[in-house]
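Residue numbers for the sequence shown follow the UniProt record's numbering, so the first one is 1 and each next one is one higher.
Presented below is the structure to which this report refers.
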Amino acid sequence: MVEATHNWSRMKGESVSCHVGIHSGRCVGGIVGTDMQRYHLFGDLMTTLELLESTAPRGRVQISNAYKKSLEPELRAGQTCIMDSSGMSLSVEPRAEPSLMTSKGDVIAYHEVGGATFLLRTGRGSGARRV
Numbered sequence: 001m002v003e004a005t006h007n008w009s010r011m012k013g014e015s016v017s018c019h020v021g022i023h024s025g026r027c028v029g030g031i032v033g034t035d036m037q038r039y040h041l042f043g044d045l046m047t048t049l050e051l052l053e054s055t056a057p058r059g060r061v062q063i064s065n066a067y068k069k070s071l072e073p074e075l076r077a078g079q080t081c082i083m084d085s086s087g088m089s090l091s092v093e094p095r096a097e098p099s100l101m102t103s104k105g106d107v108i109a110y111h112e113v114g115g116a117t118f119l120l121r122t123g124r125g126s127g128a129r130r131v
């Protein structure tokens, strides 16, 4: 998504970027409304996702501790990188800041998103790129 947004932005000559948040958990979904029905998701998962997205650095993907734990079976012992058969790698790096901050300047404590968060990096072989 970040790469597609970046490519579209360059093609159109516009300055557009996105923030992405990824979390793992449970939520409830349902159709809401009578005149204009919409499908909506509800629950703590959605609140956490919103905070992860709004505090992700511009053009980066931020993941929750819960999502990182769901990746751990794919990670080799002691490593922070997953390599697929095409040679693409995915690695996680912990956020170093003492707290998270939205683009509007609101400070979000890590406990509000379930603990430490991580930024994804992708690449081919050892040449990882920030995502």
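We put the CB at the ideal spot given by N, CA and C, even for glycine.
Relative to His40, the option among Ser89, Val28, Thr48 whose CA is nearest is Val28.
Straight across, the Cα-Cα distance linking Gly33 with Glu3 is about 35 Å. Distance from the CA of Pro94 to the CA of Lys68, rounded to the nearest whole angstrom, comes to 10 Å. Using a Cβ distance threshold of 7 Å, Leu119 and Ile108 do not count as a contacting pair.
Asn65 and Ala116 have their alpha carbons spaced roughly 6 Å apart. Within the same chain, Cβ atoms closer than 8 Å to the Cβ of Ser70 are found at Ser24, the five residues on either side in sequence being excluded. The DSSP-derived three-state label of His111 is helix. DSSP places Ser9 inside the alpha helix (DSSP H), whose first and last residues are 2 to 12.
For Ser64, no alpha helix (DSSP H) segment is defined; the enclosing uninterrupted segment is the beta strand (DSSP E) at 61 to 64.
Taking each of Arg38, Pro57, Gly13 in turn and checking the Cα distance to Arg121, the smallest one comes out for Pro57.
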